[in-house]
Amino acid sequence: MATPKGYSLAQISLHWIIAALILFQLVFGDAIGGAWRSVRQGAVPEMGAMAWAHIGVGVTVLLLVLWRISLRMARGVPAEAVTGTALTRFAAKVVHLGLYLLMLALPITGLAAWFGGITSAADVHELMKPLLILLIVLHVIGALWHQFVLKDNLLARMKRPG
Ligand code: HEM
Ligand code: HEM
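Going by the numbering used here, the final residue of the sequence shown carries number 158, and the count climbs one at a time with no gaps.
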């Protein structure tokens, strides 16, 4: 497979839509947390709009991530940045892989907990939250470091299709 010069419009759109949906999940995760606590106590959960939204948005993330991975396999992605050191390039790879794994594992464990009644899946789901936040912070620091320290305009790769 030839290496493309940049990300496609679909790949870029998916990156930003998924990022926004994940932010939504992180900010508004409380509602489903409350509903889940009622389930654990044997009560009928009070399902407000935000609790339903958590499930709907989570399933949407799963479907969009599967689409994104299929595009990655079919079309490929641009070669890794040449700027930075071998260590930072390796770190970027690890963070990207970690983000992909969490984008899959979060909805899967959420579904297993909610619809399968698997309590340990909910525990894993909750434990992954700080890890997700850590990887997003590292990812954004990396993007800003490229932009303002290395000044290589790497951010443009996630703005303009190539
Ligand atoms: C929840 C939030 C986010 C997630 C889950 C996420 C995930 C990812 C992943 C997995 C990649 C690798 C793409 C691939 O090779 O398939 C990537 C690339 C990229 N992301 Fe994000 N991202 C998020 C937010 C952001 C933000 C806020 C920025 C900007 C400040 C950003 C800037 C970039 C850039 C510039 C690339 C391209 C890096 C390169 O081509 O080497 N991302 N993102
Ligand atoms: C990208 C997808 C998802 C993300 C980022 C995400 C994130 C979160 C966050 C931040 C919380 C709050 C944890 C806390 O109490 O601090 C949460 C709780 C929860 N989510 Fe998700 N979620 C996703 C998908 C799903 C899906 C598809 C379901 C399926 C129904 C689900 C079910 C739950 C349940 C049951 C809880 C309560 C678990 C507990 O508090 O132990 N999630 N999620």
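Heads up, the beta-carbon is just placed ideally off N, CA and C, and yes, glycines get one too.
- Counting C-beta atoms within 10 angstroms of its own C-beta, W32 has 16 or more neighbours from the protein chains shown and is therefore classed as buried.
- For K89, the three-state secondary structure derived from DSSP is helix.
- Below 8 Å, too few C-beta pairs join the region 78 to 91 and the region 54 to 68 to call them touching: fewer than three.
- In terms of side-chain proximity, the C-beta atom of I14 is found nearer than 7 Å to a non-hydrogen atom of ligand 1.
- In the displayed model, T(-1) falls within coil according to three-state DSSP, outside both helix and strand.
- Ligand 1 has a heavy atom closer than 7 Å to the beta-carbon of P74.
- Per the Cβ contact rule, the region -2 to 14 is not in contact with the region 120 to 135 (fewer than 3 Cβ pairs under 8 Å).
- Taking all protein chains in view, the Cβ of R153 is crowded by 16 or more other Cβ atoms within 10 Å, so the residue is classified as buried.
- If you look at M43, you'll find it isn't in any alpha helix (DSSP H); DSSP assigns it neither H nor E.
- Taking a 10 Å sphere around the C-beta of Q37, we find fewer than 16 other C-beta atoms and assign the residue as exposed.
- Contact annotation: the region 85 to 101 does not touch the region 39 to 55, with fewer than three C-beta pairs closer than 8 Å.
- The beta carbon of L134 is closer than 6 Å to those of V91 in its chain, skipping five residues each way along the sequence.
- Within the chosen limit of 7 Å, ligand 2 reaches the beta carbon of V57 through at least one heavy atom.
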